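Just so you know, we're using the numbering used here here: the sequence shown kicks off at 1403 and counts up by one.
Heads up, the beta-carbon is just placed ideally off N, CA and C, and yes, glycines get one too.
If you're wondering where the values come from, they're calculated on a predicted model, not measured in any experiment.
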Amino acid sequence: MEISVALKNQHLPDRFTKHAPATDIYHGVPNRSFPIQIKDVPTGTKSLALTFVDFDSIPVCGFTWIHWLAANLPVKWEIIPENASFDPELRKQFIQGKNSSVSKFAPREADIQVGYNGPQPPDKTHNYTLTVYALDTKLPLQDGYWLNEFRRAIQGHVLVKTKLELPCQA
1403 MEISVALKNQ HLPDRFTKHA PATDIYHGVP NRSFPIQIKD VPTGTKSLAL
1453 TFVDFDSIPV CGFTWIHWLA ANLPVKWEII PENASFDPEL RKQFIQGKNS
1503 SVSKFAPREA DIQVGYNGPQ PPDKTHNYTL TVYALDTKLP LQDGYWLNEF
1553 RRAIQGHVLV KTKLELPCQA
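Structure below.
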């Protein structure tokens, strides 16, 4: 399986980050998710899932920042559409987990604690890790699941996973 994200000047385009226009910032957080192209999904795949995390946040806040968790994405999607996380019609087609805005160390409004929480590197360019999973089942999770619940649910169901590093400017 191959995944790709269109970059601009070798970085995630501004409209998906802290540099987004005001129309794509909600409660101080970028909320327009970026499109992801997916090719060569293996036969037998019943759903797709993704994680989007920032390991470069560890020196800044003390933990890996979770920016987006999504599961039970339709296999028929050759592109996870732009703004899938926030668009009401697209959101009906999959479930999303909690991001790090739920943390007691960085509490934010409840309505941005699930779904895409765009990159906001405060100190330097960070490399964000996008992982897309092809699964042999739909996961028995509900909106608002935690990353640890996701990790348990995918055990024994991953046909293939593919990672991509996406740099974002401070």
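Bridge partners - residue i, DSSP secondary structure assignment
{"i": "L1537", "result": "S1449, V1560"}
{"i": "D1432", "result": "Per the sequence presented here, residue 1432 reads as Pro, with Asp not at that position. P1432 pairs with I1427."}
{"i": "H1413", "result": "K1410"}
{"i": "Q1498", "result": "A1472"}
{"i": "T1528", "result": "The amino acid at residue 1528 is misidentified as Thr; the sequence shows His. Answer is C1570."}
{"i": "V1516", "result": "K1500"}
Cβ-based burial, residue i [other Cβ within 10 Å; buried from 16]
{"i": "L1409", "result": "exposed"}
{"i": "H1528", "result": "buried"}
{"i": "I1481", "result": "exposed"}
{"i": "G1517", "result": "buried"}
{"i": "Q1522", "result": "buried"}
{"i": "S1406", "result": "exposed"}
{"i": "D1525", "result": "exposed"}
{"i": "A1424", "result": "exposed"}
{"i": "K1565", "result": "exposed"}
{"i": "T1419", "result": "buried"}
Local conformation of residue i per DSSP, three classes
{"i": "L1566", "result": "strand"}
{"i": "V1407", "result": "coil"}
{"i": "L1549", "result": "helix"}
{"i": "A1555", "result": "helix"}
Length at least 4, wholly inside the stretch 1439–1492: the alpha helix (DSSP H) runs in chain order | 1460–1463
Touching or not, the stretch 1444–1459 and the stretch 1475–1484, by the rule of three or more beta carbon pairs under 8 Å?
-> yes
Per the contact definition of three or more C-beta pairs closer than 8 Å, is the stretch 1434–1448 in contact with the stretch 1483–1493?
-> yes
Count the C-beta pairs between the stretch 1551–1558 and the stretch 1454–1466 that are closer than 8 Å, then say yes if the count reaches three, no if not.
-> no
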